[in-house]
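This report concerns only the one structure given below.
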Ligand code: FES
Ligand code: FES
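Residue numbers (the working numbering), protein chains in the order written: chain S, 1 to 205; chain L, 1001 to 1711.
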């Protein structure tokens, strides 16, 4: 559903729109200040505070969610622009008590400390697995391998480091995040890169 | 709400672990963290909440003449605009960070001059940008130099450490020395940048206030709020269940604490306030830039005759923070003649403060770089040089070390990296466009402890609850304390609940100085042992109702033996430097540490990794650039202040030496949160020298320092 804006005058308040937020498979229609970022809509309006705010400027990745199955910095997306589009947050990855393979791998590898970057890292990693499965190259993918391979098995440590570099971890858990993502890649290989309802990039439409 | 978490399911008991080395434990709050259910300070569900946004000074020095409140109050959703002209006068704690909106003075660019409170965060933020502040500006000086006219010797350094130390005749001994190093090393302003911005949710109910706050210790936050608002302790509660990192910046209350409480009282609604990432660069402390002159003199065999380490640092005009840069130099190496000294420049800058290993971290960069230079001038192996100067006792205090295994760390690290095969000549190894080099540096950090209290309750169902106001800022404290509690109780870990992060719990010190596990763990061990004894004595079949005992370590910490308690380590870096571009890549880091008993190998390893990773940032990336004209750290965001990202860190290997130390505390632990950053930058810079033959004495090492195109 496209957002329906209200006229600037008349209400007295800041311009607002009615927005349909489709998050983790659930749809809710809310009235939002047009300035509201997707991140703030999730955190303040829906009280889904799993997505974190580390910078609010697209510089840290703590707010990473999957939008249309692709990872985005939700602090850089206006909520009105996400109206009607499926969003997956860290809260939507586990199937009941069963953790998503990426979540499980982060636990097993102690791929975090304070945990504040972690939801963003995990959503980002889910996106990475899908991107790799769809054959998307990264800056370190050797020429000739780009896009042709199309398998998660193409992920190695160098690929993971490169693809996960949009997510800062000030606690410095990188040396554990890389094996965690590789574990998750191995666990999901063959079963589709993404165990969630977020869908895989490229494959979805 | 108070840090209640389920223990990991494991049947392992203390007896089974054999006492010294615990079975690894995964984080007790891990599930909450990976599913997004862990609530941080800004995130506690509160109804009818209002949002506060800081308006920060955009002049570096002067006075606020007026704030145009009326224009802002006319905008929709605005509940209040507070500035010193309309804010109530409040009591002072003596820490300028709590003196918010109390004076018209602007001491540094970025200081809070007003706060906007509005019904939405969007509106608070926009109005904060619209509020007109009228300043009377005054001239400012914000750039540190070694000949600043304001330089003085502080009465004492941070943490009460003496400003100077001197033995023998360092000047004469230096002149006499056969081999000498006399160099100046510089480090820039460094910013903690915990991932979770400083935030407070403040809720008044009648005459009580509850804060969900992001800090390294909720007791000092509670006490500060009591002082400023003149409230008795039982009317203030501070909850800090999960904290998104601190690295020193959350050791004391930052401006949002007082401002959120004030705003919430003023508008009669709960208030959330978070600092923005940009605001953090001025408002939560940072590591002072340093200028350090190190003079080393040795005989031809490499024996140090003199160590002379003098540091220049900066502080703000209205509050002193004098970083103890030379402190590690006092314990590292033997030499008859020695001096450490500190001078502080008073500048119109934000107040510097604690950042991971204040003192040791910048000081050891300089000392360990100078040691590398000395090894080169001696034609001696830098590992051997350090071993040759190993002191038998504390070189300045003369006291024995409770344990000291620096040599073992150096030897083990050397083995791990194949140091014996290293060609010592700089610029001796090349692969394609890359020069490759390896470097070494020592690490050290004191093993402190502070008094703590705790309680332990045995439940009739065989379970236990242990309470201590510890704070887990990502260190794994909650998990380590669970391991220690289970061990002392002789109980399976999944029978023990540990409650931390709430000022209503038994009082304990902050997560700082790498003394959390030692301090809190001591109290937990003591109270759990007491409970166990009581149970065995009076209730061998288990208590019929809850049985609680309390303990404090206040007395245990008095009259301790006069020994030097210190952890040590050795770090080895391998770097490659492109001959074409000057690009510097870290191939590998190896750290070996001797830090007493390691309570939980899983989280301990992460602590070492994290410290070393931040040290790599210090070596190659991090640089607060002071803009002389604006008096501002110009690169105050994460796009321009570069911290390490995943691709910057390749292979890091961490090990520890099995070290038994009965004199540090009953558990035999030394702190591990800070030592990982100490020495890391020197190891990297020394490796850059080995790779390229270029000695860079100013951090971070830039590619233009080493690139052939730039020379
Ligand atoms: S909060 Fe969105 S990138 Fe940092
Ligand atoms: S776990 Fe703390 S920032 Fe990544």
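Even for Gly, the Cβ is constructed at its ideal location relative to N, Cα and C.
Since this is a predicted model, take the numbers as computed values, not measurements.
* Going along the chain, which residues of its own chain have a beta-carbon closer than 6 Å to the beta-carbon of residue 1390 of chain L, five neighbours each way excluded? -> 1407
* Helix, strand or coil: how does DSSP classify residue 1646 of chain L here? -> helix
* In chain S, which residues lie with their C-beta within 7 Å of the C-beta of residue 1645 of chain L? -> 165, 168
* To do: With a 10 Å radius around its C-beta and 16 neighbouring C-beta atoms as the bar for buried, classify residue 1092 of chain L as buried or exposed.
  => exposed
* Asked: Regarding residue 118 of chain S and ligand 2, is the C-beta to nearest heavy atom distance less than 7 Å?
  -> yes
* Asked: At a Cβ cut of 9 Å, what residues of the stretch 1469–1494 of chain L count as close to chain S, listed as they run along the chain?
  -> 1472, 1473, 1474, 1475, 1476
* To do: Flag this pair as touching only if the stretch 1176–1185 of chain L and the stretch 1604–1624 of chain L have three or more C-beta atom pairs under 8 Å; answer yes or no.
  => no
* Unbroken beta strand (DSSP E) run spanning residue 1167 of chain L, endpoints -> 1165–1167
* To do: Could you run through the stretch 1591–1602 of chain L and flag, in chain order, every residue whose CB is less than 9 Å away from some CB of chain S?
  => 1602
* Using a Cβ-Cβ distance under 8 Å, would residue 38 of chain S count as near chain L? -> no
* To do: Decide if residue 1632 of chain L is buried, meaning its Cβ has at least 16 other Cβ atoms within 10 Å, or exposed.
  => buried
* residue 1466 of chain L bridges to which residues according to DSSP? -> L/1456, L/1498
* Taking C-beta to C-beta, are residue 1133 of chain L and residue 1063 of chain L nearer than 8 Å? -> no
* **Collapsed DSSP secondary structure at residue 1590 of chain L in the structure displayed** => strand
* Got a sec: does ligand 1 put a non-hydrogen atom nearer than 7 Å to the Cβ of residue 56 of chain S? -> yes
* Alpha-carbon to alpha-carbon, residue 1316 of chain L and residue 1345 of chain L -> 8 Å
* Should residue 50 of chain S be flagged as near chain L, meaning a C-beta pair shorter than 8 Å? -> yes
* Of the residues L/1128, L/1122, L/1197, L/1109, the one placed nearest residue 1116 of chain L, counting alpha carbons only -> L/1128
* **CB contact below 8 Å: residue 151 of chain S versus chain L** => In this predicted model, residue 151 of chain S has a pLDDT of only 48, less than 50, meaning its place in the structure is not dependable; the value taken from the coordinates is given anyway. So, not an interface residue.
* Near ligand 1: residue 171 of chain S beta-carbon under 7 Å from a heavy atom -> no
* Taking 7 Å as the cut-off, does the CB of residue 53 of chain S come closer than this to any heavy atom belonging to ligand 1? -> yes
* **Minimum Cβ-Cβ distance from residue 115 of chain S to chain L less than 8 Å** => yes
* Asked: Straight-line CA distance for residue 1090 of chain L to residue 1260 of chain L?
  -> 14 Å
* To do: Look at the alpha carbon of residue 99 of chain S and the alpha carbon of residue 1035 of chain L, and state the distance between them as a whole number of angstroms.
  => 8 Å
* Asked: Alpha carbon to alpha carbon, how far is residue 1083 of chain L from residue 1508 of chain L?
  -> 35 Å
* Asked: Which residues does DSSP pair with residue 95 of chain S in a beta bridge?
  -> S/98
* Cβ of residue 1639 of chain L less than 8 Å from any chain S Cβ? -> yes
* Using CA coordinates, which residue listed in L/1668, L/1383, L/1314 is at the minimum distance from residue 1151 of chain L? -> L/1314
* To do: Would you give the residue range spanned by the alpha helix (DSSP H) that residue 182 of chain S belongs to?
  => 174–188
* **Endpoints, beta strand (DSSP E) assigned at residue 1273 of chain L** => 1271–1274
* Examine chain L for any beta-carbon lying closer than 8 Å to the beta-carbon of residue 159 of chain S, and answer yes or no. => no
* Taking the continuous alpha helix (DSSP H) assigned at residue 1602 of chain L, which residues delimit it? -> 1601–1620
* Which whole runs of the alpha helix (DSSP H) in the stretch 1065–1149 of chain L are 4 residues long or more, in chain order? -> 1069–1073, 1121–1130
* Asked: In terms of residues, what are the limits of the alpha helix (DSSP H) holding residue 1704 of chain L?
  -> 1703–1706
* C-beta neighbour in chain S for residue 1036 of chain L, strict 8 Å -> yes
* Verify whether the separation of the beta carbon atoms of residue 1478 of chain L and residue 1692 of chain L is less than 8 Å. => no
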